Amino acid sequence: MAGELPTLSTCTCRQQAHDGRAQAECSQKYIDSITRQTRQTYADAITLAQLFDSDAKQRPRVASEAALSALLGSLDRERLLANLQPELAEQRARRLAADKGCPTRRPRVAIVLVGALRTMLTMADEFAAVFAELRQLSSALQLFAVLSWRDEQRPPDGWSRNAFGQIARKPAREGGNRSAAPPSRAAVEATIAKWGMPFELSELDARSQEAHSTRLAHACPGLPIVPPGECERFPFPGVPHGCTRVQVQLQFVRVAAATALLEAAERREGHAFDVVIRLRPDLCLKGALPLLRFAVERTRCDSLVALHALDALLVYPRWAADAYANYWRSGPNCTRPSWALGCGTENEKRALVGWLQREAGLVAFNLHQVTEEVGWTSLALRRPWLACESFMIM
Numbered sequence: 402m403a404g405e406l407p408t409l410s411t412c413t414c415r416q417q418a419h420d421g422r423a424q425a426e427c428s429q430k431y432i433d434s435i436t437r438q439t440r441q442t443y444a445d446a447i448t449l450a451q452l453f454d455s456d457a458k459q460r461p462r463v464a465s466e467a468a469l470s471a472l473l474g475s476l477d478r479e480r481l482l483a484n485l486q487p488e489l490a491e492q493r494a495r496r497l498a499a500d501k502g503c504p505t506r507r508p509r510v511a512i513v514l515v516g517a518l519r520t521m522l523t524m525a526d527e528f529a530a531v532f533a534e535l536r537q538l539s540s541a542l543q544l545f546a547v548l549s550w551r552d553e554q555r556p557p558d559g560w561s562r563n564a565f566g567q568i569a570r571k572p573a574r575e576g577g578n579r580s581a582a583p584p585s586r587a588a589v590e591a592t593i594a595k596w597g598m599p600f601e602l603s604e605l606d607a608r609s610q611e612a613h614s615t616r617l618a619h620a621c622p623g624l625p626i627v628p629p630g631e632c633e634r635f636p637f638p639g640v641p642h643g644c645t646r647v648q649v650q651l652q653f654v655r656v657a658a659a660t661a662l663l664e665a666a667e668r669r670e671g672h673a674f675d676v677v678i679r680l681r682p683d684l685c686l687k688g689a690l691p692l693l694r695f696a697v698e699r700t701r702c703d704s705l706v707a708l709h710a711l712d713a714l715l716v717y718p719r720w721a722a723d724a725y726a727n728y729w730r731s732g733p734n735c736t737r738p739s740w741a742l743g744c745g746t747e748n749e750k751r752a753l754v755g756w757l758q759r760e761a762g763l764v765a766f767n768l769h770q771v772t773e774e775v776g777w778t779s780l781a782l783r784r785p786w787l788a789c790e791s792f793m794i795m
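If you use our numbering, the sequence shown corresponds to residues 402 to 795, in order.
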């Protein structure tokens, strides 16, 4: 019909891949139609979520945990549900039907741990204590880890070529260790075993990193895949856009790999998880526990909101794992999953939040900047020379 707005079935990158003009026009019409729908349905929730990503002057004050809970509880579930992309809504409905709704038992929780090992081994006891707390909130807790600790190329965040080299070069008075060297797989497994939960560990070695880069190159033609070591020539934060973009997308290829481990475990063991927690290995978990507890307690298998703190952690319903893991397809010209909005577009600002909210329809609240307001400890990343003093990325 002339003038009919495009739908997901008529606007996918697979169908439009060989006609750039048609792809762009289709994408823009679809975005415009969703934008109009947004203003009518869930603009209040999106606006509120975006304010949590802004500075304190614009953000609503939440003077306590109870106030934050009430604010999130005021969201209109029917409007949020109407906003979900159709295929994701169907995925959610099928999962709830299989579980006969959300069970009244405590949730089955999967932890997705992804990234360079960095300082994780020095925080083994802290991780064990926090995971013991999380076990009290769940009926099952299981870990799926994709970690690198050998042959690492430096990401554009100020770390040396080998994550352990940074520790080795620091003097002892600053937390250095001249004998620091990459651990064995057995040492990493022994540390994780102390956390007291079933786990699966996949090592990001040179072969798997090459496979991930190849997957990214095939799915995102034209994306500037930077040769190994090339980004080393640029001092942080002056790395080229290509380096940053590729590193972020590779990070989420690995999130997708960990999610695949989770899915395989569900098929093998015959039960599904309800809630997923994504963590990075260098997060100071003790300080993050209040936020984690709050997020897990209010996230159910049918939740329509994800709660996160930048890329350090995210707590989300299991049905939304596909939307989160597929952020690796967010770059220009990438082949999108069939449910994704538009073709070949890229979110410029707050890209992960934009991907979840605009392309998947999942509202994501960044709680990183309100931790002190509600009485929690500020989040921090552990660095050899700063311990858990700040959320310094370098």
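No residue lacks a Cβ here, since even glycine has one placed at the ideal position from N, Cα and C.
All values derive from a computational prediction rather than experimental measurement.
Take residue i and list the residues in its own chain whose beta-carbon comes closer than 8 Å to its own, dropping the five residues that flank it on each side.
i      : result
Ile593 : Leu544, Ala546, Phe600, Leu602
Ser470 : Phe695, Arg699
Leu485 : Arg493, Leu705, Ala761, Gly762, Leu763
Arg616 : Val654
Could you tell me which of the options sits nearest to residue i, measuring between CA atoms?
i      : options                        : result
Leu482 : Ala446, Gln770, Ala498         : Ala446
Glu488 : Ala761, Leu449, Leu522, Arg616 : Ala761
Ala511 : Thr736, Ala788, Leu663         : Leu663
Arg551 : Val463, Arg519, Ser779, Thr448 : Arg519
His709 : Leu757, Arg608, Asn484, Ala541 : Leu757
Leu763 : Pro584, Met521, Gly732, Leu476 : Leu476
Ala450 : Gly502, Val775, Val771         : Val771
Ser540 : Pro504, Val513, Glu527, Met521 : Pro504
Leu753 : Asp712, Trp720, Pro785         : Asp712
Ala464 : Leu787, Val775, Pro785, Ser779 : Val775
Trp720 : Thr448, Ser779, Ala499, Pro461 : Ala499
Ala591 : Thr660, Met521, Arg536         : Met521
Pro785 : Pro461, Val589, Asp683, Ala661 : Asp683
Ala661 : Asp675, Ala620, Ala707, Ala722 : Ala722
Gly502 : Ala724, Asp675, Ala588, Arg669 : Asp675
Ala525 : Val589, Leu472, Pro583, Arg509 : Val589
Apart from the five residues just before and just after residue i, which ones in its own chain have a Cβ nearer than 7 Å to its Cβ?
i      : result
Ala529 : Lys595, Trp596, Gly597
Leu690 : Val531, Glu534
Trp777 : Pro691, Leu692
Gly671 : none
Pro773 : According to the sequence provided, residue 773 is Glu. The question's Pro does not apply to it. Once the five neighbours on either side are set aside, the close Cβ partners of Glu773 are Ser779.
Arg586 : Glu604
Ala724 : Leu489, Leu757, Ala761, Leu763
Cα separation between residue i and residue j?
i      : j      : result
Leu705 : Glu604 : 32 Å
Leu692 : Trp740 : 30 Å
Arg478 : Ala765 : 14 Å
Phe792 : Cys702 : 30 Å
Gln648 : Ser614 : 10 Å
Phe637 : Gly688 : Any reading at Phe637 must be qualified, since the residue scores a pLDDT of 39, below 50, and its modelled position is unreliable; the value itself is stated next. The alpha-carbon atoms of Phe637 and Gly688 are separated by roughly 27 Å.
Gln610 : Ala618 : 12 Å
Arg608 : Val654 : 14 Å
Arg480 : Ala490 : 13 Å
Arg507 : Pro622 : 44 Å
Ala494 : Ile678 : 21 Å
Tyr836 : Leu651 : Residue coverage of the chain in this structure runs from 402 to 795, which leaves residue 836 outside it and unanswerable.
Glu466 : Leu542 : 25 Å
Gly474 : Ala612 : 43 Å
Gln537 : Thr448 : 34 Å
Val513 : Leu714 : 10 Å
Glu527 : Ala468 : 29 Å
Tyr717 : His769 : 16 Å
Val697 : Arg669 : 25 Å
Pro738 : Gly732 : 13 Å
Pro583 : Thr523 : 13 Å
Enumerate in chain order the residues of its own chain whose CB-to-CB distance from residue i is below 6 Å, with the five nearest sequence positions on each side excluded.
i      : result
Val656 : Val515, Ala726
Ser549 : Ala517, Leu605
Cys789 : Cys685, Ala781, Arg783
Ala673 : Glu667
Gln492 : Trp720
Ala658 : Val547
Arg681 : Gly516, Ala713
Leu497 : Asp703
So the alpha helix (DSSP H) residue i belongs to, where does it begin and stop?
i      : result
Phe674 : Run containing Phe674: none; DSSP gives neither H nor E here.
Gln601 : The amino acid occupying residue 601 in the given sequence is Glu; Gln does not appear at that position. That residue, Glu601, is in no alpha helix (DSSP H); its beta strand (DSSP E) goes 600-604.
Val589 : 586-594
Arg694 : 686-698
Leu714 : Unbroken run through Leu714 is the beta strand (DSSP E), 714-718; no alpha helix (DSSP H).
Leu469 : 466-474
Ala483 : 478-484
Along the beta strand (DSSP E) that carries residue i, what are the first and last residues, could you check?
i      : result
Gly776 : No beta strand (DSSP E) holds Gly776; DSSP gives it neither H nor E.
Leu782 : Premise fails: Leu782 is in no beta strand (DSSP E) and is neither H nor E.
His613 : From DSSP, His613 is part of no beta strand (DSSP E) but of the alpha helix (DSSP H) over 607-620.
Ala721 : Per DSSP, Ala721 belongs to no beta strand (DSSP E) and is neither H nor E.
His769 : First-last for His769: undefined, no H or E at that position.
Ala707 : 706-710
Problem set entry | Whole runs of the alpha helix (DSSP H) within the region 493-558, excluding any shorter than 4 residues | 525-537
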